[in-house]
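Participant: Got a structure here, written out as structure tokens. Questions coming.
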Amino acid sequence: MIGFDRRVRLEWLDAAASAEREIGEITEIRQFLHGFLEPEIPTYAARSKTVVVLTKIWSRVPEEHVEIRDRALDLFQVSNTQDRIWLHWGMALLAYPFFRDTATAINRSLLYYDCFTKAEIVKRIKEDWGERTTLKRATERIVSSIFEWGVIVKDKETGKYNLPLHLTTENKQIEIWLLEAALLASQKQCIPLDQAFSIPEVFPFKFSLSIPEIVASNKFEMSQMGNNRAKISVIPTSGVR
Numbered sequence: 008m009i010g011f012d013r014r015v016r017l018e019w020l021d022a023a024a025s026a027e028r029e030i031g032e033i034t035e036i037r038q039f040l041h042g043f044l045e046p047e048i049p050t051y052a053a054r055s056k057t058v059v060v061l062t063k064i065w066s067r068v069p070e071e072h073v074e075i076r077d078r079a080l081d082l083f084q085v086s087n088t089q090d091r092i093w094l095h096w097g098m099a100l101l102a103y104p105f106f107r108d109t110a111t112a113i114n115r116s117l118l119y120y121d122c123f124t125k126a127e128i129v130k131r132i133k134e135d136w137g138e139r140t141t142l143k144r145a146t147e148r149i150v151s152s153i154f155e156w157g158v159i160v161k162d163k164e165t166g167k168y169n170l171p172l173h174l175t176t177e178n179k180q181i182e183i184w185l186l187e188a189a190l191l192a193s194q195k196q197c198i199p200l201d202q203a204f205s206i207p208e209v210f211p212f213k214f215s216l217s218i219p220e221i222v223a224s225n226k227f228e229m230s231q232m233g234n235n236r237a238k239i240s241v242i243p244t245s246g247v248r
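Heads up, the working numbering is the position in the sequence shown plus 7, with the first residue counted as 1.
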């Protein structure tokens with residue numbers, strides 16, 4: 008399923024995360040979000056679809072992602088607006104493979120051309136997802152969303168998007184968390200250590216972690232692979248807070 012087919016503003020994601028932490032009961036969370044969004048999305052049907060996206064990211068998570076979601080909520084409480092983007096991004100990766108693949112396609116265009124258009128990303132996504140009636144609209148809305156988050160900027164003359172600066176954080180725990188979320192979302196068993204900070208779907212973020220910090224986090228298992236290279240994998244966890 009594509010799923011992420013609505014334009015989502017950053018403050019809506021903040022509200023969804025806060026509601027999950029403070030309310031915790033999905034029916035009440037939906038009611039809260041409907042009330043929160045009504046001034047901007049007065050139509051019930053459209054608002055409901057946005058609520059579905061928001062709750063899928065922060066509330067209706069599968070059991071295997073509850074623990075990492077709960078840690079994100081703890082980090083959310085002590086984070087500034089820019090740091091919260093790291094958390095929203097990681098939770099969106101976990102919730103929506105389509106968001107992950109769109110981010111990967113954007114990264115590919117940025118690597119080759121330093122910029123992209125919505126049409127280019129739609130074309131790339133179609134290569135993997137095929138022709139679907141909602142694909143174009145969903146892709147365009149993801150691009151519009153991350154533009155509103157301030158992750159990318161748009162040239163008014165050409166209509167093309169680019170990445171102005173990589174997002175950074177002084178909170179090492181947030182860096183560790185996003186690295187873990189990205190690996191879980193990718194469904195890869197392991198990744199070469201030298202590729203850990205260039206995972207395509209986390210292209211907006213610049214990591215400052217050292218190898219000792221990764222090891223000390225106790226979130227990753229490190230082992231050797233061929234050609235004297237190391238690889239890391241996420242240590243499985245279970246349970247909730």
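Every residue, glycine too, gets a C-beta built ideally from N, C-alpha and C.
1) Excluding five sequence neighbours on each side, which residues of the same chain lie with their C-beta closer than 7 angstroms to the C-beta of ARG148?
2) What residue range does the beta strand (DSSP E) around SER230 cover?
3) Let me know the secondary structure DSSP gives ARG236 once reduced to three states.
4) According to the neighbour-count rule (16 or more other Cβ atoms, all chains shown, within 10 Å of its Cβ), is ALA53 buried or exposed?
5) Please go through the stretch 116 to 151 and give each complete alpha helix (DSSP H) segment of 4 or more residues, from N-terminal end onward.
6) Does DSSP put TYR103 in a helix, a strand or coil?
7) In angstroms with no decimal places, state the Cα-to-Cα distance between VAL247 and VAL73.
8) Straight-line CA distance for GLU70 to ARG76?
9) Could you tell me which residues DSSP pairs with LYS161 in its beta bridges?
10) Helix, strand or coil, according to DSSP, for PRO219 in the structure here?
11) Alpha carbon to alpha carbon, how far is TRP184 from ALA26?
12) Kindly list the residues whose CB is nearer than 8 angstroms to the CB of LEU174, restricted to its own chain and excluding five residues on each side of it in sequence; keep chain order.
Facilitator: Reading off the structure:
1) For ARG148, same chain residues with a beta-carbon under 7 angstroms away, outside a window of 5 residues either side, are ASP12, ARG13, ARG14 in chain order.
2) Note, SER230: beta strand (DSSP E), 227 to 232.
3) Here ARG236 sits in strand by DSSP.
4) Residue environment analysis places ALA53 among the exposed positions, since fewer than 16 neighbouring C-beta atoms fall within 10 angstroms of its C-beta.
5) Correct list: 125 to 136.
6) For TYR103, the secondary structure class from DSSP, reduced to helix, strand or coil, is coil.
7) Note that VAL247 has pLDDT 40, beneath the 50 cutoff, so the model's placement of it is unreliable and no number is given.
8) If you take the alpha carbons of GLU70 and ARG76, they lie about 10 angstroms apart.
9) According to DSSP, which records beta bridges pairwise, LYS161 is partnered with TYR168.
10) Helix, per DSSP.
11) For TRP184 and ALA26, the distance between alpha carbons rounds to 21 angstroms.
12) GLN89, ILE92, TRP93, VAL158, PRO211, PHE212, LYS213.
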